[in-house]
Amino acid sequence: MARQQRSKETLCPRQVLGLGVNGKVLECFHRRTGQKCALKLLYDSPKARQEVDHHWQASGGPHIVRILDVYENMHHGKRCLLIVMECMEGGELFSRIQERGDQAFTEREAAEIMRDIGTAIQFLHSQNIAHRDVKPENLLYTSKEKDAVLKLTDFGFAKETTQNALQTPCYTPYYVAPEVLGPEKYDKSCDMWSLGVIMYILLCGFPPFYSNTGQAISPGMKRRIRLGQYGFPNPEWSEVSEDAKQLIRLLLKTDPTERLTITQFMNHPWINQSMVVPQTPLHTARVLQEDRDHWDEVKEEMTSALATMRVDYDQVQIKDLKTSNNRLLNKRRKKQAGGSSASQGCHNQ
Numbered sequence: 001m002a003r004q005q006r007s008k009e010t011l012c013p014r015q016v017l018g019l020g021v022n023g024k025v026l027e028c029f030h031r032r033t034g035q036k037c038a039l040k041l042l043y044d045s046p047k048a049r050q051e052v053d054h055h056w057q058a059s060g061g062p063h064i065v066r067i068l069d070v071y072e073n074m075h076h077g078k079r080c081l082l083i084v085m086e087c088m089e090g091g092e093l094f095s096r097i098q099e100r101g102d103q104a105f106t107e108r109e110a111a112e113i114m115r116d117i118g119t120a121i122q123f124l125h126s127q128n129i130a131h132r133d134v135k136p137e138n139l140l141y142t143s144k145e146k147d148a149v150l151k152l153t154d155f156g157f158a159k160e161t162t163q164n165a166l167q168t169p170c171y172t173p174y175y176v177a178p179e180v181l182g183p184e185k186y187d188k189s190c191d192m193w194s195l196g197v198i199m200y201i202l203l204c205g206f207p208p209f210y211s212n213t214g215q216a217i218s219p220g221m222k223r224r225i226r227l228g229q230y231g232f233p234n235p236e237w238s239e240v241s242e243d244a245k246q247l248i249r250l251l252l253k254t255d256p257t258e259r260l261t262i263t264q265f266m267n268h269p270w271i272n273q274s275m276v277v278p279q280t281p282l283h284t285a286r287v288l289q290e291d292r293d294h295w296d297e298v299k300e301e302m303t304s305a306l307a308t309m310r311v312d313y314d315q316v317q318i319k320d321l322k323t324s325n326n327r328l329l330n331k332r333r334k335k336q337a338g339g340s341s342a343s344q345g346c347h348n349q
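Read the sequence shown against UniProt numbering and you will find it ends at 349, with the numbers running on by one and no gaps.
Have a look at this one:
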């Protein structure tokens, strides 16, 4: 990957566009050409370089936000990675639907959106990359125009899947696969679970799993996710096709081995024959508008939950006796320092 220095001579940063998993995203302009870009600032670390590498590998794939350049620079005395990306000026997926007003949002449109998202995931999985954070906030449109392209961004939790099954419990509530909530290993199938949740919301305007307590993810919500407890309540689901409901059931399987692969998803009639999906008007736009304040709260809960709920075991190392602050081990060390024969015997076991 080519990396350059001296970004200040090239880029002029402006307002903050958003916050990614590992850093903030700024609007910027190329000083010479005037081209508008998005600039993501990451403090240099193995995790940051992993994010850049995975996004760079995926960049140029269909429906994936494109990287234009990468710089290394010093920022406030710290080495940083600056990722220059195409600027996504069309906003988030569900914000665009909220803003439709009285214009109907149809099941066929939902199918076309899911096909686009699936195309991005299919490319990633073909590259042996699991995104692991597929959620509405990471699905952005290139512009406000009607023909804008929907693209996937933020590779802060992406991982290669060729060597070891993913064991890192990184997730955002509402879009988290059940196996991520427990100690089981998981892989690309967690992206498929997220597709099921996004598809569900597209077809009705609310998520299949929710918290009754105001917590980002409550014990009750956690239990419902692990047991796959959700429904298709009326009136929102009364006119939705059985094909759509069947596809959701196949995506939200609690056993990841029973869940559709991305290839099976893309070959499902509701996806690969989206032009014949019924143009049934959905309740989605109305529900999203009526629950706009609630939707904002959901996003805030997910953002605040990131710091406490994304526990990355990749950064956890088993401490040796010299660096551990474990109380019991400290007592044992004191005994050893005192020359206790009993403790010496334990140490040699």
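All C-beta atoms, glycine included, are put in the ideal place defined by N, C-alpha and C.
The alpha-carbon separation between Q57 and V70 amounts to approximately 13 Å. Per DSSP, I67 is one residue of the beta strand (DSSP E) stretching across 67-75. In the structure shown, P136 falls within a helical segment according to DSSP collapsed to helix, strand and coil. Inter-residue distance for I129 and P281 is about 35 Å (C-alpha atoms, whole angstroms). In the three-state reduction of the DSSP assignment, P281 falls in the strand class, which pools E and B. Here the alpha carbons of L68 and V197 stand approximately 31 Å from one another.
Of all C-beta pairs linking the stretch 42-61 to the stretch 105-116, fewer than three are shorter than 8 Å, placing the two stretches out of contact. Residue pairing by DSSP places G91 opposite Y141 in a beta bridge. The DSSP-derived three-state label of E239 is coil.
The shortest CA-to-CA distance from V276 to any of A244, F94, D255 is the one to A244. Around the beta carbon of A285, a 10 Å sphere encloses 16 or more other beta carbons of the protein chains shown; the residue is thus reported as buried. If you look at V52, you'll find it in the alpha helix (DSSP H) that goes 46-58. A distance below 8 Å between beta-carbons, with the five flanking residues on each side excluded, links D191 to the following residues of its chain, in chain order: I121, L124, H125, A130, H131, R132, V134, I262.
Straight through space, the alpha carbons of G205 and L260 are spaced by roughly 23 Å. Taking the CA atoms as reference points, E239 sits about 11 Å from F232. A straight-line Cα-Cα distance of about 10 Å links E92 and K144. Contact between V65 and K151 holds: CB atoms are separated by about 5 Å, below the 8 Å threshold. Counting only the Cα atoms, P256 lies some 6 Å from S189.
Counting along the chain, V197 sits inside the alpha helix (DSSP H) bounded by residues 189-204. Residue range 78-86 is occupied by the beta strand (DSSP E) that includes E86. Under DSSP, the beta-bridge partners assigned to T106 are P281.
With a cutoff of 8 Å on beta-carbon distance, W295 and F105 are scored as not near each other. Ranking G61, L288, C87, G118 by CA distance to the CA of E27 puts C87 first. Residue burial annotation: H283 is buried, with at least 16 other C-beta atoms found within 10 angstroms of its C-beta. E27 has A38 as its beta-bridge partners, per DSSP.
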